[in-house]
Amino acid sequence: MSKNRTPALSESRRVAAELDALIGAAAAGDRAAITEIVRVVHPLVRRYCGARLGNTAHLQVTADDVVQEILIATVNAIPRYRDQGKSFLAFVYGIAANKVADAFRRSQQHPTYPMAEMPDTPSSEAGPEEWALASERRAATKELMKILAPAHREVLVMRIVLGWSAAQTAEAIGTSPGVVRVMQHRALNKLRAELKVA
1 MSKNRTPALS
11 ESRRVAAELD
21 ALIGAAAAGD
31 RAAITEIVRV
41 VHPLVRRYCG
51 ARLGNTAHLQ
61 VTADDVVQEI
71 LIATVNAIPR
81 YRDQGKSFLA
91 FVYGIAANKV
101 ADAFRRSQQH
111 PTYPMAEMPD
121 TPSSEAGPEE
131 WALASERRAA
141 TKELMKILAP
151 AHREVLVMRI
161 VLGWSAAQTA
171 EAIGTSPGVV
181 RVMQHRALNK
191 LRAELKVA
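For the sequence shown, our numbering begins at 1 and goes up steadily by one.
Here's what the structure looks like:
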C-alpha cells in the first residue's frame, strides 16, 4: 500500500470507530452522543452530496437541503439502528444514497426552469459559451453514467470524484477494498467500451 493512502485509510477507520463507539450511547438517548455523531458525519455527507448532485440548478433542492434530510433521517434512525456487521458509517452512506436518489426522482417528476437574475456588474467568470460547453460535458457524463449499475456509479463517484481510497470506499459501502477495485475496473471498462461505440 502506498504511503499517501495510509493516512486516509487510518482516518476512515478512525471515523468509523468513533461513530461505532458513539452509537450505543446515542441509541440509548444520549443527546451529547447524537450531537457528536451529527458533527462527525456532516462534512462527510456534505462532500458526498456535493459530488453526487453537482450543480443543483436543475433540481428543486440544493445539496445542503439533501444533507439536512440525510442528517435528520440519520438522527431519526439512531434509536432503531442495529449492528448487522457493517459500520455505522456504512449505514449513514446508505441513507445518503437513498436521499440523493430521492432528490433526483423528485427533480424528474417536477422539473424546474430557473430564471437568471441580471448582474449589477459584468462578470469575470466564464462566459455563456464556456458554461454551455461545461453543461454539455456534465450532461454527457451523467448520461454515460446511466449505463452503469447503481453500485458501480457509487464506487466511481467515491473513488474518482471524491478521491477516496479503495479502503475508504469499501468501508462506506460495506465491502472489501478488492471488491471495490474490481467494481471500479469493470465500470471503467464498460464506459470505455461505450465511448468506442459512440
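For glycine and all other residues, C-beta sits at the position ideal for the given N, C-alpha and C.
All of these numbers come straight from a predicted model, not from anything done at the bench.
Local Cβ density within 10 Å of residue i, reported as buried at 16 or more and exposed below that
i      : result
Leu133 : exposed
Ile160 : exposed
Ala193 : exposed
Ser87  : buried
Glu129 : exposed
Thr74  : buried
Ile78  : buried
Glu125 : exposed
Val197 : exposed
Ala139 : exposed
Contact set for residue i: own chain, Cβ-Cβ below 7 Å, skip 5 residues either direction
i     : result
Ala33 : Leu22, Ala25, Ala26
Leu89 : Val15, Ala16, Leu19, Glu171, Ala172
Val66 : Cys49, Leu53, Lys99, Val100, Ala103
Glu36 : Leu22
Ala97 : Glu154
Ala51 : Val157, Val161, Leu162
Coarse secondary structure for residue i, derived from DSSP in three states
i      : result
Val197 : helix
Arg13  : helix
Ala149 : coil
Lys190 : helix
Ser107 : helix
Lys99  : helix
Tyr93  : helix
Ser135 : helix
Gln168 : helix
Leu162 : coil
Spatial distance of residue i from residue j (CA atoms)
i      : j      : result
Ala172 : Ser107 : 26 Å
Asp102 : Glu69  : 10 Å
Ala28  : Glu143 : 44 Å
Gly163 : Asp30  : 34 Å
Ala63  : Gly174 : 24 Å
Thr141 : His42  : 27 Å
Val248 : Arg80  : Absent from the structure is residue 248, since the part of the chain shown begins at 1 and ends at 198.
Gln60  : Arg105 : 11 Å
Asp83  : Leu195 : 42 Å
Pro177 : Val155 : 11 Å
Arg46  : Leu71  : 10 Å
Leu44  : Met145 : 23 Å
Met261 : Thr169 : For the chain, the structure presents residues 1 to 198; residue 261 sits outside this window and is missing.
Arg39  : Asn76  : 15 Å
Gly85  : Tyr93  : 15 Å
Val179 : Pro150 : 15 Å
Beta-carbon proximity list for residue i, same chain, < 6 Å, skipping 5 on both sides
i     : result
Arg5  : Unreliable placement is indicated for Arg5, whose pLDDT of 46 sits below 50; the coordinate value is still reported in the next sentence. So the qualifying residues of the chain are Ser165.
Glu11 : none
Cut-off 8 Å between Cβ atoms - residues of its own chain near residue i, not counting five sequence neighbours on either side
i      : result
Leu148 : Leu156, Ala187, Lys190, Leu191
>> Quick check on the DSSP output: what are the complete alpha helix (DSSP H) runs of length 4 or more inside the stretch 32-56, in order along the chain?
In response: none
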